[in-house]
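Student:
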Amino acid sequence: ERIALVVKSLGNGFFDAAAKGAEKAAAEIGDVEVIYTGPTAATAEGQIEIVNSLIAQKVDAIAISANDPDALVPVLKKAMDRGIKVISWDSGVAAGGRMMHLNPSDTDLIGETIIKLAADYLPEGGDVAILSASSTATNQNAWIDAAKKILPEKFPKINLVAVVYGDDDSVKSTNEAKGLVATYPNLKAIIAPTTVGVVAAAQVVTDMNLVGKVNVTGLALPSEFKKFIDNGSSKAVALWNPIDLGYSAVKISHQLIKGTKAEPGASFDLGTVGKIKLDDSNSAAMAAPFQFDASNIEEFSKIY
Amino acid sequence: MSVPQIKLSKITKTFPGVRALSEVDLALYPGQVTALIGENGAGKSTLVKTMTGIYQPDGGEIFVAGKAVNLQSPHAAFQLGITAIHQETVLFDELTVAENIFLGHSPKTRFNLIDWVEMNSRARALLDDIGASHIATDVRLKDVSIANKHLVAVARALSIEADVVIMDEPTAALSYKEIEDLFTLVEKLKSDGKAILFISHKFDEIYRLADRYTVFRDGEMVGEGLLADTPQNEIVEMMVGRSVEQIFPSRTLDIGEPILTVQNFSHPTEFADISFDLHKGEILGFYGLVGAGRSEVMQALFGMTHGTSGVITSQGKTISPKSPAEAIQSGIVYLPEERGKQGVILDLPIFQNISLPSLSTTSRNGFLRMAKEFELARTYATRLDLRAASLDQHAGTLSGGNQQKVVIAKWLAIQPNIIILDEPTKGIDIGSKAAVHAFMGELVEQGLSVIMVSSEIPEVLGMSDRVVVMREGRMASVFNNDDTLTAETLIRCAAGIEEQAA
Amino acid sequence: MTEQNAQNRNIADRLNTPLHSAVFSWPTLLLVVAIGLFILNVFASPYFLSPWALSDATFNFTEKAIIAFAMALLIISGEIDLSVAAIIALSSTMMGLALQFGVGTPTLVLIGTLTGLACGVFNGLLVTGLGLPSIVITIGTMSFFRGISFMILGDKAFNGYPESFAFFGQGYVWWVISFEFVLFIIIALAYYILLHRTNFGRHVFAIGNNPVAAQFSGVRVARVKFLLFCLVGLMSGIAAVLLTSRLGSTRPSIAQGWELEVITMVVLGGVAILGGSGTIQGVFVAAFVMGLISFGLGLLNVPGIVMSIFIGALLIVVIALPILTNMLKERRL
Amino acid sequence: MRAFIRNHEFWLAVVVVLMIGATAFRSPGFASPEKLAGIFNDSSMLIILALGQMVVILTRSIDLSMASNLALSGMIVALINAAYPEIPVPALMLLATFCGLCLGAFNGTMIWWIGIPSIVVTLGTLTIYRGFIFLIAGGKWVNADRFSEEFVQYTRYEFLGLPALSWYAIIIVIGFFILMTRTSLGRSIYAVGVNPSAALYTGINIGRTQFVAFCISGALSGFCGYLWVSRYVIGSVEVAKGYELTIVAACVIGGISIAGGVGTVAGAVLGALFLGVMSNALPVIGVSPFWQMAISGAAIILAVIINASSQQKSKRLILKQENAAS
Ligand SMILES: Nc1ncnc2c1ncn2[C@@H]1O[C@H](COP(=O)(O)OP(=O)(O)OP(=O)(O)O)[C@@H](O)[C@H]1O
Ligand SMILES: Nc1ncnc2c1ncn2[C@@H]1O[C@H](COP(=O)(O)OP(=O)(O)OP(=O)(O)O)[C@@H](O)[C@H]1O
Ligand SMILES: [Mg+2]
Ligand SMILES: [Mg+2]
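Line by line, the protein sequences are chains P, D, C and Z.
First residue of the first sequence: 16, per my numbering; consecutive thereafter.
First residue of the second sequence: 2, per my numbering; consecutive thereafter.
First residue of the third sequence: 51, per my numbering; consecutive thereafter.
First residue of the fourth sequence: 76, per my numbering; consecutive thereafter.
(1) Between the stretch 368–381 of chain C and the stretch 314–333 of chain Z, can you find at least three pairs of beta-carbon atoms closer than 8 Å?
(2) Pick from P:P208, P:D142, P:E191: whose alpha carbon is nearest that of P:N156?
(3) Compute every distance between the C-beta of C:V384 and the non-hydrogen atoms of ligand 1, then say whether any falls below 7 Å.
(4) Do D:L369 and C:T248 have their C-beta atoms closer together than 8 Å?
(5) Between the beta-carbon of D:V153 and the beta-carbon of D:M299, is there less than 8 Å?
(6) Curious, which full-length alpha helix (DSSP H) runs of at least 4 residues does the stretch 46–132 of chain P contain?
(7) CB of D:S508 to nearest heavy atom of ligand 1: below 7 Å?
(8) Can you tell me whether D:N265 is buried or exposed, with buried defined as 16 or more other CB within 10 angstroms of its CB?
(9) Measure the alpha-carbon distance for D:H395 versus D:I346 and round it to whole angstroms.
(10) With a threshold of 8 Å between beta carbons, is Z:P364 in contact with chain P?
(11) Using 10 angstroms around the beta-carbon of Z:G113, count the other beta-carbons present and answer buried if the total reaches 16, otherwise exposed.
(12) Taking 8 Å as the threshold (beta carbon to beta carbon), is D:Y335 in contact with chain C?
(13) Whose C-beta lies closer than 8 Å to the C-beta of Z:Q367 among residues of the same chain, with five residues either side of it excluded?
(14) Taking contact to mean 3 or more Cβ pairs, one atom from each stretch, closer than 8 Å, check whether the stretch 295–304 of chain Z and the stretch 170–181 of chain Z are in contact.
(15) If you draw a straight line from the alpha carbon of D:E500 to that of D:S276, how long is it in whole angstroms?
(16) Consult DSSP for D:A389 and reduce its assignment to one of helix, strand or coil.
(17) Would you call the CB atoms of D:I329 and D:P358 closer than 8 Å?
(18) Which residues of the stretch 89–111 of chain Z have a Cβ closer than 7 Å to any Cβ of chain P? Give them in chain order.
(19) Which residues does DSSP pair with D:K373 in a beta bridge?
(20) Among D:P259, D:H202, D:K406, which has the Cα closest to the Cα of D:I236?
(21) Give a yes or no on whether the C-beta atoms belonging to P:V88 and P:V108 are separated by under 8 Å.
(22) With burial defined as no fewer than 16 other Cβ atoms inside 10 Å of the residue's Cβ, what is the status of D:Q447: buried or exposed?
(23) What does a CB cutoff of less than 7 Å around C:F172 pick up in its chain, not counting 5 residues either side in sequence?
(24) Look up D:L37 in the DSSP assignment and give the residues it is bridged to.
(25) So, helix, strand or coil for Z:W216, using DSSP?
(26) Any beta carbon from chain P within less than 8 Å of Z:A378's own beta carbon?
(27) Which same chain residues, not among the five before or five after Z:Q396, have their C-beta less than 6 Å away from its C-beta?
(28) With a threshold of 6 Å on Cβ separation, who are the neighbours of D:I115 within its own chain once the five nearest residues in sequence on each side are excluded?
(29) Decide if P:T58 is buried, meaning its Cβ has at least 16 other Cβ atoms within 10 Å, or exposed.
(30) Where do the N-terminal and C-terminal ends of the beta strand (DSSP E) with D:Q264 fall, by residue?
(31) Which residue comes first and which comes last in the beta strand (DSSP E) that contains D:V65?
(32) Just the residues with CB closer than 5 Å to a heavy atom of ligand 1, in chain order, which are they?
(33) Tell me which residues share the same chain as P:F283 and place their Cβ nearer than 6 Å to its Cβ, disregarding the 5 neighbours each side in the sequence.
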């Protein structure tokens with residue numbers, strides 16, 4: 016039994032951690048080979064070529080974190096036509112291109128969390144900006160939409176001035192972060208719901224001596240971000256457990272292969288992580304994001 | 002006899018597939034000019050490059066002032082006092098005059114950096130020395146006129162204290178007056194006791210300047226001696242291997258209707274008010290100093306240049322060629338001056354070179370028919386006695402003379418009415434020259450009309466029915482080539498001397 | 051030069067027979083490489099020899115190859131176009147834009163190809179009209195065309211192409227034979243005829259070898275080059291239709307980096323980068339070689355970036371080999 | 076004086092100053108010394124790389140592998156720093172430069188000894204070098220956390236108000252100015268580009284000069300490899316991807332002729348500054364960054380057109396009388 020874990024791009028610490036979880040699940044199930052693959056640049060075209068070769072290899076399941084919700088649909092449809100089980104996780108694919116989607120957490124909850132992370136340290140309110148990954152990343156867009164929706168209700172004093180895109184490329188993210196600081200002199204916080212972006216923004220804040228003036232926050236791997244909590248450029252960030260995510264993706268794929276139907280209401284056993292149930296759009300969410308700050312980052316940076 | 006300043010002994014040099022020099026000897030003596038004579042491709046320039054360290058010989062020895070030396074690089078040659086004015090341009094348009102003179106051996110400061118101040122002042126002194134005080138040292142070479150460029154090349158050659166000065170066809174690109182200046186300089190160098198090697202295809206120059214001669218044929222030395230003791234036909238026989246009559250083909254004048262009429266043909270910067278007619282079966286010569294604008298006029302007639310005005314009538318119809326393609330359609334073809342760059346396409350097979358302008362006739366609806374192409378190429382290749390192994394051999398593998406034949410074949414194949422030959426014998430040895438002249442005679446006999454641009458007076462006088470003389474972009478005069486027309490008249494007219502007298 | 055003289059000298063038409071020349075030619079050598087790779091793949095992966103797998107694999111190169119054929123002609127003529135990928139992006143964006151106005155599939159295809167053609171005209175005018183060096187002009191238009199896509203799309207994407215539009219990039223003509231593959235074969239044939247069997251093709255070779263001499267021989271150099279830029283633009287437009295249809299969406303970053311892949315394909319196909327020589331057969335086989343390498347290594351789950359090492363090395367080795375053997379031969383002479 | 080005004084570099088400098096002026100008009104803070112220093116610092120790497128590319132282009136070649144060379148050299152020192160933080164950073168800078176030099180020398184060897192056109196060789200090594208990054212790093216990134224503090228600081232230390240990165244660029248620019256105008260090597264590089272066959276007759280070895288040019292561009296790429304990784308605090312396969320064409324663009328805008336032999340150090344620096352100022356100015360004057368690409372594309376096209384018309388061969392004007400009269 017072969018399950019392919021296709022990620023947005025290789026080398027990203029978040030996905031490397033997810034791959035670890037996938038291996039764990041495979042070892043638990045036994046007789047499962049995990050193929051961990053992805054393009055080096057986060058593009059849909061690169062993922063399409065990879066999916067094509069996975070189809071040719073007749074893998075049993077593909078679990079993908081997609082760079083583009085629509086561009087991948089045709090090729091994933093083809094995979095399903097050839098009898099391959101397809102799920103998306105982390106960053107989803109439009110409904111036609113997958114059997115189910117595994118959200119790392121509830122979208123609205125993440126949207127709220129990323130704003131809250133900034134608002135917690137801004138009792139007076141103020142200007143904040145979002146530095147996202149690529150403009151087509153499904154998950155990012157969903158979170159940002161959720162955040163925008165919740166702003167007027169729950170955080171009236173927080174003023175979202177801009178959303179910019181760093182394409183998960185460190186240079187572009189750095190330049191965009193610099194642009195934000197230059198364009199909005201009263202900026203109080205940069206929210207980057209992506210690991211590459213949050214690191215780049217924190218580095219910019221450090222370099223431009225803005226520690227204490229601009230707070231960087233968002234979603235980050237503790238192991239990659241510890242430095243910036245330590246130096247004060249960031250007060251706190253949040254993330255779910257990527258290991259659990261990879262683990263669950265493989266568990267679900269395995270159950271699909273074994274014949275479980277992916278339909279609204281169906282439930283999957285995620286072993287050590289627990290159980291999930293599919294909603295009307297055939298998606299399910301895992302745990303709430305977990306917050307890291309000066310008190311616990313040391314401990315978690317050793318894990319993922 | 003004194004000790005030769007430089008002596009070459011049994012020098013051999015091979016290129017892939019060509020033995021350019023085989024065991025040649027040459028000696029140059031101080032205070033003497035030695036002429037090196039030979040057909041195209043005889044190996045003259047190759048020898049020059051071996052003497053200046055650009056090529057390393059495969060065998061043989063070189064002695065400078067009696068000592069065996071090894072010329073590993075142009076620098077080594079410099080240091081031994083050997084300098085050359087090469088056949089091809091060896092100058093740098095984008096660099097300054099001073100730098101062109103000193104590149105490779107520029108004066109340096111203590112930190113081994115180039116000393117621009119010193120370089121400029123030394124260049125100044127050198128140019129003044131050779132009577133070129135009008136050339137500034139800090140302008141870019143591209144802003145210097147062609148004749149002055151040549152003086153810069155001379156200054157470069159003299160920028161080192163040389164005992165041996167080599168000149169490889171220095172007069173090929175010069176006009177009458179510049180040639181005279183150069184000769185004065187050579188005389189001066191000679192009286193300074195330099196050993197001089199002079200290469201030229203023009204026998205009048207050789208007899209005027211040189212004391213000794215050496216003749217090469219196919220990379221071998223076939224004779225040497227004192228010019229005073231040797232008549233020209235003997236030398237020609239040595240270099241060609243047979244005797245060549247320097248007689249222009251005689252032909253019965255059979256000149257018909259005007260076939261091309263040009264009126265007030267003008268170009269904003271290059272030429273103005275050109276008016277002449279060309280008759281059927283006529284050879285019309287165009288004479289002028291280099292740079293008089295003859296090629297420009299011809300290329301404009303051929304549609305290469307734009308922005309011209311005037312009226313051109315060909316066979317009763319007014320034409321205004323906007324491109325060579327249009328000129329060809331109206332029956333005018335042009336054999337360009339620079340054979341290698343503008344004439345043949347070196348990496349295309351011979352048959353494709355020949356058929357290129359005729360493709361519309363050999364092909365059907367735009368689709369190639371190779372058989373027809375071969376047929377066409379074969380017809381004209383045999384007619385011109387082309388020497389080649391096969392028709393699909395690349396034109397670049399042919400000798401210069403045979404390449405010229407390919408270009409001529411290409412134009413004959415489209416059966417033109419008017420053929421313009423621009424310096425058809427420039428840089429061509431005496432044997433091939435006679436063949437080209439004979440061929441021109443054949444063309445007009447078949448009813449074609451020929452315009453021949455030439456800077457060689459004997460050729461102009463020997464071949465043309467009438468001669469147009471151009472000066473500074475304008476027509477100076479038109480002469481009927483009867484017995485009264487002399488070389489002196491042409492030169493005076495081209496140089497504008499008669500005008501001053503009037 | 052007399053009749054007699056002519057008769058006793060005989061010049062052969064050809065030194066070698068056409069068959070002999072064909073056997074010892076670049077495309078043949080490359081074909082051997084391709085067959086070798088095929089066999090290697092059969093042994094390397096059990097999944098390789100399946101009609102569907104092979105059919106899927108063709109998608110990796112057909113779009114690029116379609117541009118490569120036109121690019122081959124352009125490079126043979128001594129010019130180059132680095133803006134092809136940007137043209138794809140702009141064509142795709144224009145189709146997406148048209149889609150917002152609810153046009154149908156035929157109009158979409160027309161807009162895609164015409165945008166490509168228009169870009170080609172733009173390049174062609176700049177290069178031949180103003181006599182500018184194509185390598186720098188197309189570096190400029192490369193940013194310019196893609197830049198316009200970014201101006202129009204910003205960080206958004208166009209989706210929702212009609213069902214019927216999907217046929218071009220996803221449809222099959224017969225069994226495993228995709229529409230793209232059929233189009234690729236037809237275009238290859240068309241370019242083979244254009245380059246090797248027509249006057250136009252001959253002019254392209256003449257220009258590439260010596261544009262000045264070609265001009266002096268009555269070839270309309272500027273016109274031919276202009277047409278070649280138009281062809282490259284048109285082919286990029288067609289590739290844009292195929293790729294957009296295959297992806298079902300348009301983003302401004304589409305086809306990023308393709309220009310270098312297309313040129314690699316052309317050079318691997320034996321086209322001299324400095325112009326003057328090359329064959330369509332060579333490019334055709336080169337497309338398969340690149341396809342086989344990336345598909346074969348893909349089956350072994352080798353990341354794309356590592357595959358590119360093989361392709362880069364192949365490029366250098368394949369160009370260096372004939373030069374090296376020549377050098378050895380000459381030394382022996 | 077007239078020569079000076081006709082000078083391409085002069086006009087490019089005017090354009091750059093106008094751009095700064097116009098932006099400052101819209102957003103007064105833009106022309107403050109700190110902001111200008113920031114822009115210079117942002118352009119530093121491009122300046123260094125453009126100088127390397129300039130040397131190569133001057134010899135009638137092109138180096139498309141600079142960005143991959145940069146990324147590979149950068150990854151090598153990043154990995155070494157992550158594994159052995161105790162190795163002093165200057166040693167790593169030298170090592171990066173040396174790596175780059177070797178990679179450049181490989182290009183140069185292929186071009187000199189085997190005689191493959193430079194565009195083919197560097198097109199090949201463009202992908203090969205980048206592939207090697209993946210192999211040596213095992214596909215992983217080197218993240219901010221794994222670098223030593225010193226490694227990161229060596230581009231940031233300030234001296235006279237400018238970060239070290241800017242100083243590296245300034246020193247290299249001065250060095251290149253001397254190299255190109257006052258040394259035999261510099262002049263040979265021009266000579267080879269202006270007229271290769273004439274260069275041969277002057278005793279310049281064309282192949283060797285091109286080889287040296289590729290070594291120079293390689294060494295500078297390698298050095299920038301360290302700078303890049305230190306500046307952006309990340310080592311990954313994607314570092315500087317596609318940057319090779321930006322470098323060429325800077326050269327083209329700077330008036331360096333792709334046909335070789337024409338171009339100056341000042342031109343390359345100004346070309347890089349032009350792009351640097353533009354990318355800094357657009358967001359400030361409220362132009363969407365999405366417009367930047369199209370604008371820089373248009374700038375390149377315009378630059379080429381202007382260069383071509385200014386470098387056009389001066390007409391011969393053999394019709395002297397007429398022109399004297401009019
Ligand atoms: N670099 C080279 N490679 C190959 N063959 C060469 C090279 N240089 C010269 N040759 C060949 O060597 C022979 C001698 O050439 P060379 O230039 O010395 O002739 P030349 O006597 O100077 O002729 P011309 O009067 O036309 O100047 C010719 O057959 C030429 O084709
Ligand atoms: N001042 C100059 N600057 C640059 N090139 C020049 C100059 N004068 C002449 N030339 C070059 O010399 C060649 C001859 O010039 P042109 O064709 O106008 O005159 P011509 O009378 O035909 O000379 P020729 O006798 O050489 O054919 C041309 O190819 C031209 O490029
Ligand atoms: Mg010669
Ligand atoms: Mg002329």
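For each residue, glycine too, the CB sits at the ideal point set by N, CA and C.
Given the structure is predicted, the values throughout are model-derived calculations rather than measurements.
Tutor: Answer, in terms of the structure:
(1) Too few Cβ pairs lie closer than 8 Å, so no.
(2) Residue numbering aside, residue 156 of chain P sits at position 141 when the first sequence is read from its first letter. The candidate whose alpha carbon is nearest that of P:N156 is P:P208.
(3) Since the displayed chain C opens at 51 and closes at 383, residue 384 of chain C lies outside it and no answer follows.
(4) In the second sequence, the residue the question calls residue 369 of chain D occupies position 368. In the third sequence, the residue the question calls residue 248 of chain C occupies position 198. By the CB criterion at 8 Å, D:L369 and C:T248 fall inside the cutoff.
(5) Within the second sequence, the letter at position 152 stands for residue 153 of chain D. Within the second sequence, the letter at position 298 stands for residue 299 of chain D. No, the Cβ-Cβ distance between D:V153 and D:M299 is not below 8 Å.
(6) With a minimum length of 4 residues, the continuous alpha helix (DSSP H) runs that stay inside the stretch 46–132 of chain P are 59–71, 88–96.
(7) In the structure as shown, chain D starts at 2 and stops at 503, and residue 508 of chain D therefore has no counterpart that could be examined.
(8) Locating residue 265 of chain D in the second sequence gives position 264, counting from the first residue. Per the 10 Å Cβ criterion, exposed.
(9) To locate residue 395 of chain D, count along the second sequence from 1; it is residue 394. To locate residue 346 of chain D, count along the second sequence from 1; it is residue 345. About 9 Å.
(10) Translated into the one-based positions of the fourth sequence, residue 364 of chain Z becomes position 289. Yes, contact with chain P.
(11) For the purposes of this step, residue 113 of chain Z is identified with residue 38 of the fourth sequence, where counting begins at 1. With 16 or more other CB atoms across the displayed protein chains lying within 10 angstroms of its CB, Z:G113 is buried.
(12) Here residue 335 of chain D is taken as the residue at index 334 of the second sequence, counted from 1. Yes, contact with chain C.
(13) Along the fourth sequence, read from residue 1 onward, the residue named residue 367 of chain Z stands at position 292. Apart from the 5 residues on each side of it in sequence, Z:Q367 sits with its Cβ closer than 8 Å to the Cβ of M353, S354, L357 in its chain, given in chain order.
(14) Verdict: yes, contact present.
(15) Indexing the second sequence from 1 puts residue 500 of chain D at position 499. Indexing the second sequence from 1 puts residue 276 of chain D at position 275. Confidence at D:E500 is low in this model, with a pLDDT of 47, below 50, so the placement of that residue is unreliable and no value is reported for it.
(16) In the second sequence, counting from the first residue as 1, residue 389 of chain D sits at position 388. DSSP places D:A389 in coil when its eight states are reduced to three.
(17) Within the second sequence, the letter at position 328 stands for residue 329 of chain D. Within the second sequence, the letter at position 357 stands for residue 358 of chain D. Cβ atoms of D:I329 and D:P358: closer than 8 Å.
(18) Residues: none.
(19) To locate residue 373 of chain D, count along the second sequence from 1; it is residue 372. Paired residues: none, contrary to the question.
(20) Mapped onto the second sequence, residue 236 of chain D falls at position 235. Ranking D:P259, D:H202, D:K406 by Cα distance to D:I236 puts D:H202 first.
(21) The residue labelled residue 88 of chain P in the question sits at position 73 within the first sequence. The residue labelled residue 108 of chain P in the question sits at position 93 within the first sequence. Yes, the Cβ-Cβ distance between P:V88 and P:V108 is below 8 Å.
(22) Position 446 of the second sequence, counted from the start, is the residue given in the question as residue 447 of chain D. Counting Cβ neighbours within 10 Å, D:Q447 comes out exposed, since fewer than 16 surround it.
(23) Position 122 of the third sequence, counted from the first residue, corresponds to residue 172 of chain C. Closer than 7 Å at Cβ, skipping near neighbours: T191.
(24) Looking up residue 37 of chain D in the second sequence gives position 36. Under DSSP, D:L37 forms a beta bridge with D:I200, D:T215.
(25) Indexing the fourth sequence from 1 puts residue 216 of chain Z at position 141. Z:W216: coil per DSSP, three-state reduction.
(26) In the fourth sequence, the residue the question calls residue 378 of chain Z occupies position 303. With its beta carbon at least 8 Å from every one in chain P, Z:A378 lies outside the interface.
(27) As a first step, residue 396 of chain Z is located in the fourth sequence; it is residue number 321 there, counting from the start. Residue placement at Z:Q396 is poorly supported in this model, since its pLDDT is 46, which falls under 50; the coordinates still yield a value, given next. Closer than 6 Å at Cβ, skipping near neighbours: no residue.
(28) As a working mapping, residue 115 of chain D is identified with position 114 in the second sequence. Excluding residues within five positions, the ones whose Cβ falls inside 6 Å are S107.
(29) Walking along the first sequence from the start, residue 58 of chain P turns up at place 43. So P:T58 counts as buried.
(30) The residue given as residue 264 of chain D occupies position 263 in the second sequence. Unbroken beta strand (DSSP E) run through D:Q264: 259–267.
(31) Position 64 of the second sequence, counted from the start, is the residue given in the question as residue 65 of chain D. Note, D:V65: beta strand (DSSP E), 60–65.
(32) Any residue whose Cβ sits closer than 5 Å to a heavy atom of ligand 1 makes the list: D:F16, D:V19, D:A21, D:N41, D:G42, D:A43, D:G44, D:K45, D:S46, D:T47.
(33) Position 268 of the first sequence, counted from the start, is the residue given in the question as residue 283 of chain P. Cβ within range, chain order: I267, Q270, I291.
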